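S.K.: Under my numbering, the sequence shown has 335 at position 184, and the numbering climbs by one with no breaks.
Even glycine gets a Cβ: it sits at the ideal position worked out from N, Cα and C.
Model, not experiment: these values are computed from the prediction.
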Amino acid sequence: MKIRHILFTLACFFVLIGATTLTAQDKTTGDATYYGNQFHGRRTSDGSIYHRDSMTCAHRTLPFGTLLKVTNMKNGREVVVKVTDRGPFRRGGIVDLSYAAAEEIDMIQAGVVKVEIEEVTSSALLAKRNDSKNLLPELQLLDPASGNYYTMTEWLKKGEEERAQAKTTEARKSRASYLANTKAKAPLWQVKGSSVTAKVEK
Numbered sequence: 152m153k154i155r156h157i158l159f160t161l162a163c164f165f166v167l168i169g170a171t172t173l174t175a176q177d178k179t180t181g182d183a184t185y186y187g188n189q190f191h192g193r194r195t196s197d198g199s200i201y202h203r204d205s206m207t208c209a210h211r212t213l214p215f216g217t218l219l220k221v222t223n224m225k226n227g228r229e230v231v232v233k234v235t236d237r238g239p240f241r242r243g244g245i246v247d248l249s250y251a252a253a254e255e256i257d258m259i260q261a262g263v264v265k266v267e268i269e270e271v272t273s274s275a276l277l278a279k280r281n282d283s284k285n286l287l288p289e290l291q292l293l294d295p296a297s298g299n300y301y302t303m304t305e306w307l308k309k310g311e312e313e314r315a316q317a318k319t320t321e322a323r324k325s326r327a328s329y330l331a332n333t334k335a336k337a338p339l340w341q342v343k344g345s346s347v348t349a350k351v352e353k
């Protein structure tokens, strides 16, 4: 009876160890820093333009587009960010946050804080977060011509409209050019009796 009890206790112990190990693998702790203002508007490693108000981050190895939940271990505040860049490369650093994301977990004044990061693999985890500021907004890119920022959806729509307008304009120019050339090259015709002949102007 005692042997069964001991075996049961050992089995529970190993199950708990396994669960703890799994949790440790899913979550990583380390230092978080954030982008300085001088990086605003610069291109990141995934090809997008960094915007200080976007919920993005840099990570050394995770694939671009990965969503991470970052928790400030000092105050428990959390934010969900998307990996768009590579870094940080300082010792002990595990994530480099955008300014808005750093502001969300209240680390601006500290500059460097200890955080826990966890990959978001379930849409249900995002659905539980009711604070709209923690939801991932669509990245906005700067239009140098107008100075305005547009989301990728707005850029694509804007590009389609511009291409359609350019195509229409080009078609009109081609038609006008064709009609002008045709009119210039077309011979003049005159009726002589019952036959139609070309009239050559001298």
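Please report the Cβ distance between Ile-245 and Ile-259, rounded to the nearest whole angstrom; I am assuming they are in contact, meaning their Cβ atoms lie under 8 Å.
M.R.: Ile-245 to Ile-259, Cβ: 18 Å. No contact.
S.K.: What does the Cβ neighbour count give for Glu-255, buried or exposed, with the cut at 16 atoms within 10 Å?
M.R.: Classification for Glu-255: buried.
S.K.: Just verifying my parser: in three-state terms, what is the DSSP assignment at Asn-226?
M.R.: Correct three-state label for Asn-226: coil.
S.K.: If distances are taken between C-alpha atoms only, which option among Arg-193, Arg-237, Asn-188 and Arg-241 comes closest to Gly-181?
M.R.: Ranking Arg-193, Arg-237, Asn-188 and Arg-241 by Cα distance to Gly-181 puts Arg-241 first.
S.K.: What first and last residue would you give for the alpha helix (DSSP H) that runs through Ala-252?
M.R.: Per DSSP, Ala-252 belongs to the alpha helix (DSSP H) from 250-255.
S.K.: Start and end of the beta strand (DSSP E) containing Thr-184?
M.R.: Unbroken beta strand (DSSP E) run through Thr-184: 178-185.
S.K.: Looking at Tyr-201 and Gly-262, is the spacing between their C-beta atoms short of 9 Å?
M.R.: Not a contact, by the Cβ cut-off of 9 Å.
S.K.: Do Arg-211 and Ser-249 come within 9 Å of each other at the CB atom, strictly closer than that value?
M.R.: The answer is no: Cβ separation not under 9 Å.
S.K.: Opposite Thr-207 in the DSSP bridges: which residues?
M.R.: Lys-233.
S.K.: Measuring only the C-alpha atoms, how far is Gln-189 from Val-232?
M.R.: Each residue's alpha carbon lies about 20 Å from the other.
S.K.: Here's the rule I'm using: 16 or more other beta-carbon atoms within 10 Å means buried, otherwise exposed. How should Lys-220 be labelled?
M.R.: Buried: at least 16 other Cβ atoms inside 10 Å.
S.K.: Between Ala-183 and Thr-195, is the Cβ-Cβ spacing less than 9 Å?
M.R.: No, they are not a contact pair.
S.K.: Just to confirm the assignment, what range does the beta strand (DSSP E) spanning Ile-259 have?
M.R.: Segment: none, Ile-259 is in no beta strand (DSSP E) and carries neither H nor E.
S.K.: Thinking C-beta only, is Val-271 closer than 9 Å to Leu-218?
M.R.: Yes; because the gap between Cβ atoms is below 9 Å, this pair is in contact.
S.K.: Note down the Cα distance separating Asn-226 from Glu-321, rounded to an integer number of angstroms.
M.R.: Those two C-alpha atoms are separated by around 60 Å.
S.K.: With H, G and I counted as helix, E and B as strand and the rest as coil, what does DSSP make of Gly-192?
M.R.: Coil, per DSSP.
S.K.: Check the C-beta distance from Ala-252 over to Met-206 and give it rounded, since I have them as a contact under 8 Å.
M.R.: With 8 Å as the limit, Ala-252 and Met-206 qualify as a contact, their Cβ atoms being about 5 Å apart.
S.K.: Run through DSSP, which three-state label would Gly-310 get?
M.R.: Helix at Gly-310.
S.K.: Buried or exposed: where does Asp-236 fall if 16 or more other Cβ atoms within 10 Å of its Cβ makes it buried?
M.R.: It is buried - the Cβ of Asp-236 has at least 16 other Cβ atoms within 10 Å.
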